[in-house]
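Notes follow once the structure below has been shown.
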Amino acid sequence: MRNYSTQMEAARKNIVTKEMEIVAKKELMPVEELMSLMAEGKVVIPANIKHKSLNPEGIGSMLKTKINVNLGISKDSKDYDVEMAKVNSAVDMGAHSIMDLSSHGNTQPFRKKLVDECSAMLGTVPVYDSVIHYQRDLKTLSAKDFIDVVRLHAEDGVDFVTLHCGITRKTIDQIKNQKRLTNIVSRGGSLVFAWMSMTGEENPFYEYYDEILEICREYDVTIS
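Residue numbers (our numbering): 332 to 555.
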């Protein structure tokens with residue numbers, strides 16, 4: 332049984348993990364130097380404890396650039412096998428991470444298939460999945476609903492999650508009062524903005540950030 336919760340915690344306890352050894356070898360770097368960078372928060376190794384097929388990679392200062400590929404189930408592409416073929420091609424061509432941006436239907440089976448079969452780091456955007464998961468209008472969702480989807484993705488085994496934590500009630504007022512050339516261009520940011528505008532509530536990813544950190548610590552999930 333390991334006596335640390337996350338790769339960062341291990342680094343701060345001066346514990347060399349197998350993931351660190353693999354990454355250090357790939358980066359042609361002494362593992363002690365890698366640990367030091369991780370302990371300082373300058374490097375991360377996204378490695379969910381449930382992603383058993385993972386071939387770990389490091390991201391951050393002094394490390395090689397990593398390549399990410401976006402894909403996922405959509406209304407126009409519902410075939411899991413087609414998407415998995417894309418995943419396998421991406422990994423074969425050297426992709427280091429896969430972002431599952433699924434936006435249609437039951438996304439969990441595909442996500443679990445990725446965790447079981449894909450050796451690359453896996454990331455998701457939980458807010459995309461919130462409306463799909465609950466099959467309800469955006470405005471009817473509660474803050475807890477959003478946080479529960481973050482937990483679901485962590486439990487399923489994804490290594491990192493993209494969270495739109497920065498937008499707050501204050502920034503919404505600023506956005507509405509400024510003459511922007513364009514609207515919000517982030518799909519996830521737009522969803523959070525829309526939910527906040529419809530409900531008058533604070534951004535759940537900001538308001539319950541401490542709870543999110545506890546979830547991420549439990550499963551060793553990196554926040555993107």
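Even for Gly, the Cβ is constructed at its ideal location relative to N, Cα and C.
N-terminal and C-terminal residue of the beta strand (DSSP E) that residue i is part of
| i | result |
| --- | --- |
| residue 483 | Unbroken run through residue 483 is the alpha helix (DSSP H), 474-487; no beta strand (DSSP E). |
| residue 516 | Careful: residue 516 lies outside any beta strand (DSSP E) and carries neither H nor E. |
| residue 400 | 399-402 |
| residue 455 | 452-455 |
Alpha-carbon spacing of residue i relative to residue j, whole angstroms
| i | j | result |
| --- | --- | --- |
| residue 362 | residue 447 | 28 Å |
| residue 486 | residue 377 | 14 Å |
| residue 421 | residue 400 | 7 Å |
| residue 349 | residue 358 | 14 Å |
| residue 476 | residue 461 | 7 Å |
| residue 374 | residue 430 | 19 Å |
| residue 405 | residue 414 | 10 Å |
| residue 412 | residue 491 | 23 Å |
Spatially closest choice to residue i from the options, by CA coordinates
| i | options | result |
| --- | --- | --- |
| residue 489 | 395, 355, 385 | 385 |
| residue 381 | 364, 423, 471, 483 | 483 |
| residue 352 | 340, 366, 339 | 366 |
| residue 479 | 340, 518, 540 | 540 |
| residue 536 | 481, 491, 512, 450 | 481 |
| residue 441 | 332, 466, 402 | 402 |
Endpoints, the alpha helix (DSSP H) within which residue i is located
| i | result |
| --- | --- |
| residue 447 | 439-448 |
| residue 547 | 540-550 |
| residue 506 | 500-508 |
| residue 532 | No alpha helix (DSSP H) contains residue 532, which DSSP labels as neither H nor E. |
| residue 366 | 362-370 |
Residues bridged to residue i (per DSSP)
| i | result |
| --- | --- |
| residue 431 | 402, 455 |
| residue 375 | 390 |
Validate contact between the stretch 448-463 and the stretch 496-503 using beta carbons, cut 8 Å, 3 pairs: no
I want to know whether the stretch 513-530 touches the stretch 492-499 - three or more CB-CB distances under 8 Å. yes
Contact between the stretch 523-540 and the stretch 423-432: three or more CB pairs below 8 Å? no
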